[in-house]
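2 protein chains.
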Amino acid sequence: MSRLAGVSRMTVSRVLSDPELVLPTTRDKVLKAVADLGYVPDKTAGSLSSRRTGFIALMLPTLTNANFAAVAHGLTEALREANYHLLIAYTDYDMAEEERQLLNLLARRPEAIVLTGAMHRRNASRMLMAADVPVVEIADLPSQPIEHAIGFSNYQVGRTAARYLLDRGFTRIGAIAASPEGEVTDHRGEERMRGFEEELRLARRSTDGVLRHGTAPVSFHHGAAAFRALVERQPDIEAIFAVSDLSAVGAVMEAQRMNLRIPDDISIMGFGDFEIGREINPALTTIHVDFHALGLRTGKMLVDLLASDATPAPSTLDVGLRIVERASVKDR
Amino acid sequence: MSRLAGVSRMTVSRVLSDPELVLPTTRDKVLKAVADLGYVPDKTAGSLSSRRTGFIALMLPTLTNANFAAVAHGLTEALREANYHLLIAYTDYDMAEEERQLLNLLARRPEAIVLTGAMHRRNASRMLMAADVPVVEIADLPSQPIEHAIGFSNYQVGRTAARYLLDRGFTRIGAIAASPEGEVTDHRGEERMRGFEEELRLARRSTDGVLRHGTAPVSFHHGAAAFRALVERQPDIEAIFAVSDLSAVGAVMEAQRMNLRIPDDISIMGFGDFEIGREINPALTTIHVDFHALGLRTGKMLVDLLASDATPAPSTLDVGLRIVERASVKDR
DNA sequence: CTGAAAGCGCTTACAG
DNA sequence: CTGAAAGCGCTTACAG
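Residue numbers (the UniProt record's numbering), protein chains in the order written: chain A, 1 to 332; chain B, 1 to 332.
As structure tokens, this is what we get:
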């Protein structure tokens with residue numbers, strides 16, 4: 001390559017990374033040779049010698065969830081300008097798998113690690129703390145963050161949902177979620193349930209309508225099945241919080257099949273503000289968190305952080321949440 | 001590291017890659033040192049020296065689509081045993097972005113490249129053909145594959161959908177999709193439309209009910225808007241094919257809001273067999289392609305292919321498709 | 001503005 | 001069964 005351009009290997013490297021440093025005439029010679037040969041420099045070699053891989057590791061529970069996919073898209077956007085690339089792994093909600101994937105990621109020497117936060121195996125936490133790169137936990141606010149955290153409180157989501165239903169005067173209030181199963185658990189969903197139950201308890205309301213059913217992750221189908229199970233058990237239930245819009249939509253569809261009118265017979269609210277919730281009839285009342293923005297902010301923070309050589313103190317950022325009132329909860 | 005274990009660097013490398021080759025006592029010494037130090041070998045260095053990165057590149061239009069996410073999950077599963085890792089990039093349906101991402105991927109020296117097929121920029125195709133690693137195009141069957149292809153014919157999807165509606169005796173038949181817009185186009189969706197129109201033409205039916213509306217990618221909302229536009233233009237339309245279940249579901253929801261009964265007033269069918277289509281009322285008739293299996297098969301083929309040192313001839317595999325009859329098309 | 005030397009952390013290919 | 005040497009393809013840090 002450098003032979004064809006009649007310059008040293010170093011000059012090629014410079015033209016490709018910082019063209020300003022090179023005389024226009026030599027630059028053009030190099031660029032022509034690059035084009036003629038279809039030369040694509042080997043980043044593996046570059047990474048090794050510069051000690052910078054340009055990788056940002058991202059660990060998600062699954063790709064099959066529009067909100068987590070939105071996080072990835074937001075991150076990519078923010079990272080693009082600084083020419084970092086995402087190295088994506090997913091755990092299928094299994095903490096043993098998280099630990100395994102973490103090792104794979106670490107072996108690639110990412111310059112930062114982003115992962116969905118709050119719950120990790122002991123050994124995974126240890127590896128994360130030992131890693132000498134920035135770690136940011138997202139999509140929750142851990143009580144003891146490993147380092148940085150950008151997210152929202154799932155516990156508060158649960159409390160907010162319960163409060164909303166209580167404020168509207170409902171008394172027989174329930175919820176549907178997956179039941180935690182050892183290593184394979186939706187910990188963030190479970191946090192929402194915990195908050196929901198707590199708010200009910202503080203209001204001295206029964207938590208008998210809170211149903212954990214089936215296994216994570218939740219889905220439309222899961223929501224339908226859980227809704228039916230709950231209504232059969234407690235026919236007089238007035239309002240239900242589903243741990244995700246996915247199960248909430250499933251519940252609305254099941255209600256239609258059971259000839260229950262939403263919201264006249266039963267009110268339903270969800271979490272996550274998925275697109276489908278806006279389109280169904282009645283449109284779904286939900287709690288919104290901007291996952292795309294969450295990814296963007298995380299990416300921006302990382303770009304800044306990696307550009308400076310200072311090691312900033314651990315930071316925690318709450319991106320907040322808001323209720324989106326639509327038509328699936330009765331206005332009474 | 002090797003100092004702490006009292007052995008050479010080579011012995012550490014052997015213990016980690018092929019433990020059988022090492023005496024149990026030395027092996028244990030090494031393993032203990034590895035655990036004590038939390039040593040994670042640097043794959044960047046390993047890749048450079050062994051000339052094997054262990055990366056398989058995967059280029060998708062978007063992660064925000066359950067079927068493409070399923071492809072990624074299937075691939076990961078098949079690749080896990082052989083210890084390959086996916087390097088994922090996505091294009092947002094933009095061919096200029098595909099070319100840019102391809103360069104990024106190539107610089108990481110993947111051992112194979114998987115991408116959604118059939119349409120690429122000239123320069124991207126050239127890079128792919130010059131790459132001396134296996135290339136497999138998925139999710140379509142290109143007329144001129146770059147090398148391997150595993151997928152189905154989107155054109156046939158369109159023809160099959162039209163045939164199905166024609167066979168049921170509908171005469172005023174329409175379709176909804178996004179309109180192609182230069183570099184940002186859903187080429188596979190457009191192929192389905194082309195097949196659909198062709199089948200209509202062969203049956204000497206009007207294609208006036210075929211509507212291209214808005215930009216890719218389609219969504220629930222897109223389907224709702226396109227459905228309304230089509231019905232307002234052609235109030236006597238009897239049956240509609242939506243280029244994706246996402247838009248089909250949006251159409252069903254919009255029909256409910258317009259007080260049109262599905263399927264009594266208008267029949268609707270989709271493509272992709274997304275989970276939501278099974279849950280809505282009426283359940284959506286659709287055309288099913290097993291994207292998870294598509295990913296699995298691609299991964300298995302790659303594992304075999306990379307294990308042998310022969311260079312097999314280019315292969316094309318049609319995974320087929322099937323109609324899933326549910327309740328959104330009138331039985332007449 | 002350009003280049004020669006050294007080295008990043010592993011694995012390959014020997015040698016013993 | 002274990003190790004010393006060479007080298008993978010770049011970039012860093014000089015030197016001129």
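The beta carbon of each residue, even a glycine, is placed where N, CA and C say it ideally should be.
All values derive from a computational prediction rather than experimental measurement.
TODO: Could you work out which residue in B:GLY182, B:MET269, B:THR62 and B:HIS120 is closest to ILE323 of chain B when comparing CA atoms only?
DONE: For this step, residue 323 of chain B is matched to residue 323 along the second sequence. The option with the nearest alpha carbon to ILE323 of chain B is B:MET269.
Task: Under the three-state DSSP convention, the category TYR93 of chain B falls into - done: In the second sequence, residue 93 of chain B corresponds to position 93, counting from 1. In this structure, TYR93 of chain B counts as coil in the three-state DSSP scheme.
TODO: Check the C-beta distance from ALA251 of chain A over to ALA224 of chain A and give it rounded, since I have them as a contact under 8 Å.
DONE: Working through the first sequence from its first residue, we reach residue 251 of chain A at position 251. Working through the first sequence from its first residue, we reach residue 224 of chain A at position 224. Confirmed, about 6 Å.
Task: Alpha carbon of VAL249 of chain A to alpha carbon of LEU60 of chain A, nearest angstrom - done: Counting from one through the first sequence, the residue named residue 249 of chain A turns up at place 249. Counting from one through the first sequence, the residue named residue 60 of chain A turns up at place 60. The alpha-carbon atoms of VAL249 of chain A and LEU60 of chain A are separated by roughly 23 Å.
Task: Cutoff 8 Å; reference VAL133 of chain A; Cβ partners in own chain excluding five residues on either side - done: Here residue 133 of chain A is taken as the residue at index 133 of the first sequence, counted from 1. Cβ within range, chain order: PRO110, GLU111, ALA112 and ILE113.
TODO: Would you mind telling me which residues of chain A sit closer than 9 Å to ARG122 of chain B, beta carbon to beta carbon, in chain order?
DONE: Sequence index remark: in the second sequence, residue 122 of chain B carries index 122 (1-based). Here the premise fails: no neighbours, minimum Cβ distance about 13 Å.
Open item on the list: Assuming contact is defined by CB atoms lying nearer than 8 Å, are LEU31 of chain A and VAL15 of chain A in contact in what I supplied?
Closed with: Sequence index remark: in the first sequence, residue 31 of chain A carries index 31 (1-based). Sequence index remark: in the first sequence, residue 15 of chain A carries index 15 (1-based). Yes, the Cβ-Cβ distance between LEU31 of chain A and VAL15 of chain A is below 8 Å.
Task: CA nearest to the CA of THR158 of chain B, picked from B:GLU190, B:VAL135 and B:GLY169 - done: Position 158 of the second sequence, counted from the first residue, corresponds to residue 158 of chain B. It should be pointed out that residue 158 of chain B corresponds to Gly in this sequence rather than to Thr. The shortest Cα separation from GLY158 of chain B among B:GLU190, B:VAL135 and B:GLY169 belongs to B:GLU190.
Open item on the list: Just to confirm, is the Cβ distance from SER328 of chain B to LEU284 of chain B under 8 Å?
Closed with: Here residue 328 of chain B is taken as the residue at index 328 of the second sequence, counted from 1. Here residue 284 of chain B is taken as the residue at index 284 of the second sequence, counted from 1. Cβ distance < 8 Å, so SER328 of chain B and LEU284 of chain B count as in contact.
TODO: Measure the beta-carbon distance from THR44 of chain A to SER47 of chain B and round it to whole angstroms, keeping in mind my assumption that it falls under 8 Å.
DONE: The sequence position of residue 44 of chain A within the first sequence is 44, counting from 1. The sequence position of residue 47 of chain B within the second sequence is 47, counting from 1. Correct: roughly 5 Å between the Cβ atoms.
Task: Bridge partners - PHE55 of chain B, DSSP secondary structure assignment - done: Along the second sequence, one-based indexing puts residue 55 of chain B at 55. According to DSSP, which records beta bridges pairwise, PHE55 of chain B is partnered with B:HIS85.
Task: In DSSP terms, what residue 360 of chain B is bridged to - done: It is not possible to answer for residue 360 of chain B, since the shown part of chain B is limited to 1 through 332.
Task: Exposure of GLU325 of chain B, with buried meaning 16 or more beta-carbon neighbours within 10 Å - done: In the second sequence, residue 325 of chain B corresponds to position 325, counting from 1. That one is exposed.
Open item on the list: Just checking: is the beta-carbon of GLY270 of chain B within a distance shorter than 8 Å of some beta-carbon in chain A?
Closed with: Taking the first residue of the second sequence as position 1, residue 270 of chain B is located at position 270. GLY270 of chain B does not count as touching chain A.
TODO: Spell out the partners DSSP gives GLU137 of chain A in its beta bridges.
DONE: Residue mapping note: residue 137 of chain A aligns to position 137 of the first sequence, counting from 1. DSSP, once it has assigned bridges, lists A:LEU115 and A:ALA149 as partnering GLU137 of chain A.
TODO: Name the two residues that bound the continuous beta strand (DSSP E) containing VAL210 of chain B.
DONE: Numbered from 1 along the second sequence, position 210 holds the residue referred to as residue 210 of chain B. That run of the beta strand (DSSP E) goes 210-212.
Task: Cβ-Cβ separation, LEU102 of chain A to ALA66 of chain A (assumed contact under 8 Å), whole Å - done: Within the first sequence, the letter at position 66 stands for residue 66 of chain A. Within the first sequence, the letter at position 102 stands for residue 102 of chain A. Actually they do not touch by this definition, with Cβ atoms about 25 Å apart.
Task: Amino acids of chain B, ordered along the chain, whose beta-carbon sits closer than 8 Å to that of GLU275 of chain A - done: Working through the first sequence from its first residue, we reach residue 275 of chain A at position 275. Within chain B, the residues near GLU275 of chain A are SER219, PHE220 and HIS221.
Task: Residues near GLY169 of chain B in its chain [Cβ-Cβ closer than 8 Å; skip 5 each side] - done: Counting from 1 along the second sequence, the entry for residue 169 of chain B is found at position 169. Result list for GLY169 of chain B: ARG332, in chain order.
TODO: Give a yes or no on whether 8 Å exceeds the smallest Cβ distance from PRO19 of chain B to chain A.
DONE: Sequence index remark: in the second sequence, residue 19 of chain B carries index 19 (1-based). For PRO19 of chain B, the answer is no, since every Cβ of chain A falls outside 8 Å of its Cβ.
Open item on the list: Quick check on DSSP: helix, strand or coil for residue 415 of chain A?
Closed with: Residue 415 of chain A is absent from the structure shown; chain A starts at 1 and stops at 332.
TODO: Determine which residues of the region 98-111 of chain A have a Cβ less than 7 Å from any Cβ of chain B, and write them out in chain order.
DONE: Among the residues of the region 98-111 of chain A, those with a Cβ less than 7 Å away from any Cβ of chain B are LEU103, ASN104, LEU106, ALA107, ARG108 and ARG109, in the order of the chain.
Task: Contacts that ASP42 of chain A makes with chain B (C-beta to C-beta distance below 9 Å) - done: Here residue 42 of chain A corresponds to residue number 42 of the first sequence, with the count starting at 1. By Cβ distance, chain B contributes LEU48, ALA107, ARG108 and ARG109.
TODO: Step through the CB atoms of chain A and report whether any lies within less than 8 Å of the CB of GLU279 of chain B.
DONE: For the purposes of this step, residue 279 of chain B is taken as residue 279 along the second sequence, with counting starting at 1. Yes - at least one Cβ of chain A is within 8 Å of the one on GLU279 of chain B.
TODO: Compute the beta-carbon to beta-carbon distance between ALA239 of chain A and SER267 of chain A, rounded to the nearest angstrom, for a pair I have assumed lies under 8 Å.
DONE: Along the first sequence, one-based indexing puts residue 239 of chain A at 239. Along the first sequence, one-based indexing puts residue 267 of chain A at 267. The Cβ separation is near 4 Å, so the contact holds.
- [ ] Note down the Cα distance separating LEU202 of chain A from ALA226 of chain A, rounded to an integer number of angstroms.
- [x] Indexing the first sequence from 1 puts residue 202 of chain A at position 202. Indexing the first sequence from 1 puts residue 226 of chain A at position 226. Between LEU202 of chain A and ALA226 of chain A, the C-alpha separation is close to 25 Å.
Task: Between the CA atoms of PHE274 of chain B and TYR155 of chain B - distance to the nearest angstrom - done: One-based indexing of the second sequence puts residue 155 of chain B at position 155. One-based indexing of the second sequence puts residue 274 of chain B at position 274. Each residue's alpha carbon lies about 19 Å from the other.
Task: Limits of the beta strand (DSSP E) - the one that ARG322 of chain B falls within - done: Numbered from its first residue, the second sequence carries residue 322 of chain B at position 322. That run of the beta strand (DSSP E) goes 322-324.
- [ ] Could you tell me which chain B residues have their CB closer than 7 Å to the CB of ALA45 of chain A, listed as they occur along the chain?
- [x] Within the first sequence, numbered from 1, the residue matching residue 45 of chain A stands at position 45. Ordered by position in chain B, the residues that pass the 7 Å Cβ test against ALA45 of chain A are LEU48.
Task: Contact list for ILE88 of chain A against chain B, beta-carbon separation under 7 Å - done: Mapped onto the first sequence, residue 88 of chain A falls at position 88. Residues of chain B passing the Cβ test: ILE88.
Open item on the list: Using only the alpha-carbon positions, how far apart do ARG27 of chain A and ASN83 of chain A sit?
Closed with: Locating residue 27 of chain A in the first sequence gives position 27, counting from the first residue. Locating residue 83 of chain A in the first sequence gives position 83, counting from the first residue. If you take the alpha carbons of ARG27 of chain A and ASN83 of chain A, they lie about 22 Å apart.
Task: Neighbourhood of VAL303 of chain B by C-beta, 6 Å cutoff - its chain only, sequence neighbours within 5 removed - done: Position 303 of the second sequence, counting from 1, holds the residue named residue 303 of chain B. By the criterion of a C-beta distance shorter than 6 Å, VAL303 of chain B is surrounded in its chain by ALA82, once the five residues flanking it on both sides are discounted.
TODO: Put LEU60 of chain A into one of helix, strand or coil per three-state DSSP.
DONE: What you label residue 60 of chain A is simply residue 60 of the first sequence in a count that begins at 1. Under the three-state reduction of DSSP, LEU60 of chain A is assigned to strand.
Open item on the list: I'd like the list of long-range same chain contacts for LEU166 of chain B, defined as Cβ closer than 6 Å, with 5 residues on each side in sequence excluded.
Closed with: Taking the first residue of the second sequence as 1, we reach residue 166 of chain B at position 166. Closer than 6 Å at the Cβ level, and outside the excluded window around LEU166 of chain B, lie ALA203.
Task: Alpha-carbon spacing of ILE150 of chain B relative to ASP94 of chain B, whole angstroms - done: Mapped onto the second sequence, residue 150 of chain B falls at position 150. Mapped onto the second sequence, residue 94 of chain B falls at position 94. If you take the alpha carbons of ILE150 of chain B and ASP94 of chain B, they lie about 22 Å apart.
TODO: Identify each residue in the region 252-267 of chain B for which the Cβ-Cβ distance to at least one residue of chain A is less than 7 Å, and report them in chain order.
DONE: Residues passing the 7 Å Cβ filter: MET253, GLN256 and ARG257.
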